[in-house]
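Engineer: Below you'll find the structure I mean.
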Amino acid sequence: MINPGGTRTRMRMFWVATLVAALSTLAVTAWAQPMGGGMGQHGGGHHGRGGDGMMGDSPERMGRMVDRMLDGLNATDAQRSQIRQITQSAAADMKAQHETGRGLRERAMQIFTAPNVDPAAAEALRQQMLAQHDQASKRMMTAMLDISRVLTPEQRAKLAERMKDRAARWKDRAARMHKGERPPR
């Protein structure tokens, strides 16, 4: 006998897992961007304005980003407010994480450029970097779970589909840029 409720539960879990995977990819990518620009960035940050992606954005800009994310999901004002609070709190925590990561990367360069590279010091630092990355990953997962509790299953499914479409567009854009083509605006 087929359990229709079980199929629905599995589908719901599939969509939640898809959303979590997509959001974590987006979040880790945003978190990993170096302050003040990185490889492939012209002038640093998002669209050359400096900063460090979402983590360096003003609360007003982050609010607009959240609103844009929720557009088309029929999100209520209460949902928008709750998600805005969740993302602002996570961004503040991630900014501190980013600063810690920067210090660890600076320490790595000190070890690498020392007259005698100490393998034990390098391994200890690698372990610190792993722990710091794990802590940041946990914080982003907490934010995603908090957001999942605010959105309905239908809203999460719609958001996951939009994120999938966006990822495909970015992949296509990266492929065109790799070939030397100018991406459409």
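Under the numbering used here, the first residue of the sequence shown is numbered 44, with each subsequent residue one higher.
Note that CB positions come from ideal geometry on N, CA and C, so glycine has one too.
Which same chain residues end up closer than 8 Å to Gln175 when comparing Cβ atoms and leaving out the 5 residues on each side of it in sequence?
Structural biologist: Taken in chain order, the residues that qualify are Gln140, Thr143, Gly144 and Leu147.
Engineer: Between the beta-carbon of Thr130 and the beta-carbon of Ala186, is there less than 8 Å?
Structural biologist: Yes; because the gap between Cβ atoms is below 8 Å, this pair is in contact.
Engineer: Between Met105, Ala121 and Val160, which lies nearest to Gln135 when the distance is taken from Cα to Cα?
Structural biologist: It is Ala, not Gln, that sits at residue 135 in the sequence shown. The shortest C-alpha separation from Ala135 is found at Met105.
Engineer: Give the range of the alpha helix (DSSP H) segment to which Val193 is assigned.
Structural biologist: Unbroken alpha helix (DSSP H) run through Val193: Pro162 to Val193.
Engineer: So what's Asp110 in DSSP terms, helix, strand or just coil?
Structural biologist: If DSSP states are grouped into helix, strand and coil, Asp110 belongs with the helices.
Engineer: Span of the alpha helix (DSSP H) holding Lys229?
Structural biologist: Nothing can be reported for residue 229: it is not among the residues displayed for the chain, which extend from 44 to 228.
Engineer: Is DSSP giving Ala135 helix, strand or coil here?
Structural biologist: Here Ala135 sits in helix by DSSP.
Engineer: Taking just the CA atoms, how far does Arg150 sit from Met172?
Structural biologist: Looking at the two C-alpha atoms, the distance is approximately 10 Å.
Engineer: Taking all protein chains shown into account, decide if Leu113 is buried (16 or more other Cβ within 10 angstroms of its Cβ) or exposed.
Structural biologist: With 16 or more Cβ atoms within 10 Å of its Cβ, Leu113 is classed as buried.
Engineer: Of all the options Ala200, Met184 and Ala164, which has the alpha carbon lying nearest to the alpha carbon of Leu116?
Structural biologist: For Leu116, the nearest C-alpha among the options comes from Ala200.
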